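Residue numbers (the numbering used here), protein chains in the order written: chain A, 1 to 430; chain B, 431 to 513. Data block below; observations after.
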């Protein structure tokens, strides 16, 4: 690629207009953005709006006073992190000028352009961002309801159940016990997450309970970064992990929490000392109640702006949105947030929407100093969201690297994973 | 309000970089700072080297190949201004 002087100059001019002081029409494009949900999508949207669009009034509605991230929960399972290190408050975001309202959003009235709060108050908006995360489909696996999840934790929605519950069960498990996992079909939150979880549980068991085994029952025939995970498992935890895909009767259809037993599609009953059920999922309730979700329970959006295709002036971000080929990840939610905010600002000012370029990197820890990644750059047009051809993809496999380079690559990616976590959480909450 | 649509927008594109390199590109926790890239030409040539697999990388080769010449130029200007 040769960059012409002209391209650089043109970019320079564009950037100059960005940084230029706002003049007489400073209030042109003013408006109220209300954001429901203070996770990766919502908190990133609030920060980006506050940093870049002083003419916007920004309100974040989040029922909890703290946010525990889903990413790095698996490191709590491994015993490498504690809950405090993955839990954050909203004080700094408030200090930046975001109005943070710790109430439940109970209803959205798109006609009146208002959000109703748990205390009965109404919050008016010009544009609404809904980033509600996921709800679990209780009962989709027969017998798996909220009560059963106390014995067989999901550990997939920190606001419903802290990962420390599953950690406590692992600590109490006898050496030689079987850790059983049920993993859902697509789409679900954090595609590589279950496999990082297998890895981190294996790391803990290898150290503390080396006679134990892991049986992963999967409703899919393949998974994210599969060759890299399986290379790593073979290298680090030989003989410990048995992964069974759907064609090998991996789909769990029923559980019996009292007996600590799961049942597969073809009727095999399997008992575990600790059982982790990651059930099928859907968009968070507020999005479904507001008519933002389709029959599948997820929210269709316009690829260039993440505005709902079903309700105008509402943007849906993150895990709740249908954004394939982008994964349901925190990083994806964060870049969707920035694009949505920029689109909202442009729309309020009567300007055309900025070009849509989205980005994702998901690191996974496989073991100590052993990280792997998947990367994607995506573009949204009026019709489609597509991954840029020739870019992105997963880390190189073991066989393609020299032994020295392999160790260094895995070590660096584990290190960069920590860097991502630090930067991402600092951007939202620091 | 600045016209965000008129060209490849450095601020918006840099939102992706911020995920690992920090809001101002400051780096940290082992992630290199990209503010240390002192000028536009250096930023561009570094990205070109990543694209061409001429610079050893973990993720940056895979990332850099997703962006156009104009986008890399816009990012270079953004980080040059962020000194």
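All residues carry an ideal CB built from backbone N, CA and C; glycine is no exception. From a predicted model like this one, the values you see are computed outputs, not experimental measurements.
In the DSSP assignment, residue 472/B falls within the alpha helix (DSSP H) that extends over 470 to 481. Residue 274/A is outside the set of residues whose beta carbon lies under 8 angstroms from a beta carbon in chain B.
In the DSSP annotation of this structure, the continuous segment of the beta strand (DSSP E) that includes residue 66/A starts and ends at 66 to 68.
Residue 121/A counts as exposed, since fewer than 16 other beta carbons sit within 10 angstroms of its beta carbon.
Sequence-distant Cβ neighbours of residue 106/A in its own chain, meaning closer than 8 angstroms and more than five residues away, are 116, 117, 118, 286. Counting along the chain, residue 228/A sits inside no beta strand (DSSP E); it lies in the alpha helix (DSSP H) bounded by residues 226 to 236. In the structure shown, residue 186/A falls within a coil segment according to DSSP collapsed to helix, strand and coil.
The CB of residue 339/A comes closer than 9 angstroms to the CB of 442, 445 in chain B, given here in chain order. Taking C-beta atoms as the reference points, residue 273/A and residue 177/A count as a pair closer than 8 angstroms. In the pairwise beta carbon analysis, the region 303 to 310 of chain A is classified as touching the region 337 to 355 of chain A: at least three pairs are separated by under 8 angstroms. The Cβ atoms of residue 327/A and residue 136/A do not sit closer than 8 angstroms to each other.
For residue 448/B, a Cβ of chain A is located within less than 8 angstroms of the residue's own Cβ. Between residue 158/A and residue 166/A, the alpha-carbon positions lie close to 12 angstroms from each other. Around the Cβ of residue 160/A, a 10 Å sphere holds fewer than 16 other Cβ atoms; the residue is exposed. DSSP, read as helix, strand or coil, puts residue 243/A in strand. Spatial neighbours of residue 127/A in its own chain (CB-CB distance under 6 angstroms, excluding positions within 5 residues in sequence) are listed in chain order as 33, 313, 344. Taking the C-beta atoms as reference points, residue 361/A is found nearer than 8 angstroms to residue 420/A.
Taking 8 angstroms as the cut-off, the Cβ atoms of residue 315/A and residue 61/A do not count as close. With fewer than three CB-CB distances shorter than 8 angstroms, the region 52 to 66 of chain A does not count as touching the region 74 to 85 of chain A.
The region 362 to 377 of chain A and the region 411 to 430 of chain A touch, with three or more beta-carbon pairs separated by less than 8 angstroms. Under the 8 angstroms Cβ criterion, the region 207 to 219 of chain A does not count as touching the region 386 to 396 of chain A, having fewer than three qualifying pairs. Rounded to the nearest whole angstrom, the C-alpha separation of residue 509/B and residue 494/B is 16 angstroms. For residue 53/A, the three-state secondary structure derived from DSSP is coil. With respect to chain A, the C-beta atom of residue 472/B has no partner C-beta closer than 8 angstroms. Here DSSP, grouped into helix, strand and coil, assigns residue 105/A to strand.
Using a Cβ-Cβ cut-off of 8 angstroms, residue 484/B does not count as an interface residue toward chain A, since no Cβ of chain A sits closer than that to its own. Interface annotation, residue 465/B: not in contact with chain A, CB-CB separation never under 8 angstroms.
Residue contact with chain B for residue 418/A: present (Cβ-Cβ distance below 8 angstroms to some residue of chain B). Per DSSP, residue 213/A lies in no alpha helix (DSSP H); the unbroken beta strand (DSSP E) holding it starts and ends at 213 to 218.
In the three-state DSSP reduction, residue 462/B falls in the coil class, being neither helix nor strand. Taking residue 218/A as reference, the option from 38/A, 174/A, 186/A with the minimal CA-CA separation is 186/A. For the set 239/A, 424/A, 220/A, the Cα lying nearest the Cα of residue 184/A is the one of 220/A. Residue 492/B is positioned such that its CB atom lies no closer than 8 angstroms to that of residue 423/A.
Taking C-beta atoms as the reference points, residue 133/A and residue 289/A fail to come closer than 8 angstroms.
Taken through DSSP and simplified to helix, strand or coil, residue 272/A comes out as coil. Spatial neighbours of residue 113/A in its own chain (CB-CB distance under 8 angstroms, excluding positions within 5 residues in sequence) are listed in chain order as 124, 125, 126, 128, 313.
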